[in-house]
Amino acid sequence: MMERESVVLESMLYIDRHLAEELTVEEIAGHAGYSVFHFSRMFREEAGVPVMEYVRKRRLIRASEDILGGRKVLDAALDWGYQSHSGFTKAFTGEFGFPPALLRGFRMQMTEIQGGNAMSHVFLEETGSHESKEELYDRLWASIGEQGLDYERGRIEKAYEFACRAHEGQKRYSGVEYVTHPINVAILLTEMEGDEDTVVSGLLSEVLVKTEITPGELEREFSPRIVKILEAVKLFAPGQVDMTEWEAVLVKLAGRLHNMRTLEAMSREAWEKKARETVEWYLPIARAIGNEKLAAELHDLSLKYLGI
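All letters in the sequence shown, in the order written, are residues 1 to 308 by this note's numbering.
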């Protein structure tokens with residue numbers, strides 16, 4: 001199984017390196033050293049899509065990035081293998097649900113909103129890497145409001161304040177306060193429209209891992225349900241996922257996405273290890289729960305760091 005995953009991963013990297021060129025399934029299969037039939041079946045089983053459908057999706061994402069960077073729609077279409085504006089528009093709209101011309105509006109909006117994510121139409125919302133815990137907490141409530149989530153304010157505040165005390169003095173590799181990580185996790189969970197227990201668990205997701213606080217203390221402050229989720233988060237092993245513990249699965253996926261967004265603060269060896277682990281374990285889980293934005297960004301970030 002691991003050999004198959006490695007073959008497909010290396011094929012994805014090959015595709016990304018040659019994405020602007022004319023690619024065929026025969027060429028990609030030949031590079032991997034397999035027959036077209038065997039490779040096509042293996043790729044679909046591991047990636048969840050046929051080979052050339054994967055190529056098409058990657059080209060549309062790259063074209064999307066170029067348009068957001070100022071490239072004309074027709075020029076981006078021609079760059080990425082489309083013969084006409086109409087053909088590109090049809091494919092783009094089918095993939096993202098809106099025509100590429102609207103990216104002009106997104107681009108203008110992004111120049112006015114500091115810290116915005118230019119790929120928000122494809123990926124989940126991104127926060128600034130150096131925002132303070134107070135700024136991130138404000139963002140959390142903004143996201144709760146935008147998603148129309150009916151959370152008890154006092155309970156979210158209690159979890160936030162508890163996490164701040166628990167992680168006081170701890171730092172991330174980048175030097176920022178450690179508590180900014182679980183707050184970012186909570187923000188991502190609101191984007192996924194997780195329930196209140198899941199978001200509270202996101203805020204507390206590192207407490208049993210990074211501090212001396214015990215499950216008993218957490219149960220007294222919160223609830224047995226929160227402790228059960230957090231213990232499942234702590235024991236989470238990608239190769240042995242219990243999908244019935246869906247809150248813990250969401251918390252781990254959100255945590256992995258934020259870690260992938262901030263990998264640059266770590267060593268290159270750590271980049272590659274986490275990127276491969278993400279492709280082999282976390283990406284299939286994201287696809288299994290049907291979160292396309294989460295899966296798309298985990299995939300994109302993994303290829304970015306494996307390709308460096």
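Note that beta-carbon positions come from the ideal geometry of N, C-alpha and C, so glycine has one too.
Nearest candidate by alpha-carbon position, reference residue i, set the options
i: glycine 216; options: Lys228, Glu206 and Gly70; result: Lys228
i: lysine 57; options: Phe92, Phe39 and Leu74; result: Phe92
i: arginine 59; options: Ile15, Ile28 and Gly48; result: Ile15
i: tyrosine 160; options: Gln147, Gly145, Ala186 and Tyr173; result: Ala186
i: glutamate 22; options: Gly70, Gln83 and Leu68; result: Gln83
i: glutamate 193; options: Trp141, Val209, Thr211 and Arg220; result: Trp141
i: glutamate 53; options: Ala275, Thr24, Phe98 and Glu277; result: Thr24
i: glutamate 191; options: Glu219, Thr180, Gly145 and Ser201; result: Gly145
i: lysine 210; options: Pro182, Val200, Leu188 and Arg44; result: Pro182
i: valine 131; options: Arg287, His31 and Thr180; result: The sequence shown places glutamate at residue 131, not valine. The shortest Cα separation from glutamate 131 among Arg287, His31 and Thr180 belongs to Thr180.
i: aspartate 300; options: Leu283, Ala288 and Glu219; result: Leu283
i: isoleucine 289; options: Glu245, His31 and Glu272; result: Glu245
i: methionine 12; options: Glu280, Ile285 and Gly97; result: Glu280
i: arginine 139; options: Lys304, Glu264, Leu189 and Gly175; result: Leu189
i: glycine 313; options: Ala32, Ser201, Leu263 and Gly69; result: Past the edges of the chain, shown from 1 to 308, lies residue 313, and the structure says nothing about it.
i: serine 223; options: Lys158, Arg71 and Ser86; result: Lys158
i: valine 55; options: Gly70, Thr214, Ile28 and Arg261; result: Ile28
Contacting residues, own chain, Cβ-Cβ under 7 Å from residue i (five flanking each side not counted)
i: alanine 248; result: Ile229, Ala232, Val233 and Phe236
i: glycine 148; result: none
i: lysine 171; result: Glu177 and Tyr178
i: methionine 266; result: Tyr173
i: arginine 4; result: Met42 and Glu46
i: glutamine 109; result: Confidence is the limiting factor: at glutamine 109 the pLDDT is only 47, short of 50, which leaves the residue's position unreliable, though a coordinate-based value still follows. Hits under 7 Å: none found.
i: arginine 62; result: Leu19 and Trp80
i: threonine 89; result: Pro99 and Pro100
i: methionine 1; result: Because methionine 1 carries a pLDDT of 49, less than 50, the predicted location of this residue cannot be relied on, and no value is offered for it.
i: lysine 304; result: none
i: glycine 97; result: none
i: lysine 133; result: Cys164, Glu177, Val179, Thr180 and Ile183
Residue i and residue j closer than 8 Å at C-beta
i: alanine 47; j: valine 73; result: no
i: proline 99; j: isoleucine 67; result: no
i: serine 40; j: valine 51; result: yes
i: phenylalanine 162; j: glutamate 212; result: no
i: arginine 155; j: glutamate 95; result: no
i: leucine 298; j: threonine 278; result: yes
Own chain, CB closer than 6 Å to residue i, minus 5 neighbours either side, in chain order
i: asparagine 259; result: none
i: glutamate 26; result: Val36
i: arginine 17; result: none
i: arginine 309; result: No statement about residue 309 is possible, as the shown extent of the chain runs from 1 to 308 and does not include it.
i: alanine 32; result: Val7, Ser11 and Phe39
i: tryptophan 271; result: Leu263 and Tyr305
i: glycine 69; result: none
Other residues of its chain near residue i: CB distance less than 8 Å, five sequence neighbours each side excluded
i: arginine 276; result: Leu9, Ser302 and Leu306
i: tyrosine 137; result: Tyr160 and Ile183
i: leucine 218; result: Leu204, Val207, Leu208, Ile226, Val227 and Leu230
i: arginine 44; result: Pro50 and Val51
i: serine 143; result: Glu125, Ile187, Thr190 and Glu191
i: lysine 151; result: The displayed chain sequence assigns tyrosine, not lysine, to residue 151. Once the five neighbours on either side are set aside, the close Cβ partners of tyrosine 151 are Ile144, Glu196 and Val199.
i: histidine 310; result: No answer is possible for residue 310: it lies beyond the span of the chain, which begins at 1 and ends at 308.
Closer than 7 Å: residue i CB and nearest the ligand NAD heavy atom
i: isoleucine 15; result: The ligand NAD is absent from the structure shown, which contains no ligands of any kind.
(request) Evaluate the contact criterion for the region 34-47 versus the region 75-90: three or more CB pairs, one atom per stretch, below 8 Å. (result) no
(message) My parser needs the alpha helix (DSSP H) runs of 4 or more residues fully inside the region 15-54; what are they?
(response) 25-32 and 36-47
(request) Could you say if the region 161-172 and the region 248-260 meet the contact criterion of at least three C-beta pairs nearer than 8 Å? (result) no
(request) May I ask you to verify whether the region 194-205 touches the region 290-299, counting CB pairs closer than 8 Å and requiring at least 3? (result) no
(request) Taking only runs that begin and end inside the region 172-205, name each unbroken alpha helix (DSSP H) of 4 or more residues, in chain order. (result) 180-191 and 196-203
(request) Give, in chain order, every unbroken run of the beta strand (DSSP E) that is at least 3 residues long and sits entirely within the region 137-161. (result) none
(message) Report the start-end ranges of each beta strand (DSSP E) in the region 256-291 that is 3 residues or longer and not cut off at the edges.
(response) none
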